[in-house]
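Structure record follows, encoded as structure tokens.
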Amino acid sequence: MKRSVLPATVPAPLRAVLKRLPEGPPAVALAAALNVALAAGILPREAFEALRGKRMRIEVADAGVGLSVSYGARHFHPARGVPDVTVRASAADFVRLALRREDPDSLFFTRRLVIEGDTDLGLIVKNTLDAVDWDRLPAPLRALLRRAQNFTTH
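Here you go:
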């Protein structure tokens, strides 16, 4: 039996609940979080200029969750329609990225970070992930990410 490139790390009961949730409210929350991160300097605003007007989808493969956002004039907002670029990884790998326990290049070249669609935009997203100043995340959020590791296995 062939092993999946993106192994399941979200417990099945949680995944069953997450798959039933509508995409709209979490996409609004993601856009708001990205806007706060831009304003706080955690995300480099200039990196997103190439994404202006493009739809980007973030998928947590093992959770069955995907959220689409677009970068407008100066902020993110929820998006609908076919994404220009999709970035997919497991929950554990997204947490590892945020905690700087893995870098985007390592995950990309081991096919644990998958980028589909416009490859130029995908490389911008991947490079932006590497440029994020994760140390500037508020301490409670960093603690939450560390605790999230307890809910994922790899």
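Going by our numbering, the first residue of the sequence shown is number 897, and it counts up by one from there.
By construction, the Cβ of each residue, glycine as well, lies at the ideal position given by its N, Cα and C atoms.
The way I'd put it, the stretch 996 to 1015 doesn't touch the stretch 966 to 977; fewer than three beta-carbon pairs between them come closer than 8 Å. Every beta strand (DSSP E) of 3 residues or more that sits fully in the stretch 937 to 986 is shown, in chain order, as 951 to 956, 961 to 967, 972 to 974, 981 to 985.
Here the C-alpha atom of Ala959 lies approximately 16 Å from the C-alpha atom of Leu926. Contact between the stretch 935 to 949 and the stretch 904 to 918 is absent: fewer than 3 CB-CB pairs across the two stretches fall below 8 Å. DSSP places Val1010 within a strand segment (E or B) once states are collapsed to three. Cβ neighbours of Asp1026 within its own chain (closer than 8 Å, five residues either side excluded): Asp999, Pro1000, Asp1001. Distance check between Leu995 and each of Ala928, Val932, Arg1042 places Arg1042 closest, using alpha-carbon atoms only. Per DSSP, Arg1043 is one residue of the alpha helix (DSSP H) stretching across 1035 to 1044. Thr1015 counts as exposed, since fewer than 16 other beta carbons sit within 10 angstroms of its beta carbon.
Leu917 sits in coil when the DSSP states are folded into three classes, being neither helix nor strand. Here Val932 is exposed: its Cβ has fewer than 16 other Cβ atoms, across all protein chains shown, within 10 Å.
Note on geometry: alpha-carbon atoms of His971 and Val991 lie some 24 Å from one another.
Shortest Cα-Cα distance from Leu939 to any of Ala928, Val981, Thr1024 involves Thr1024.
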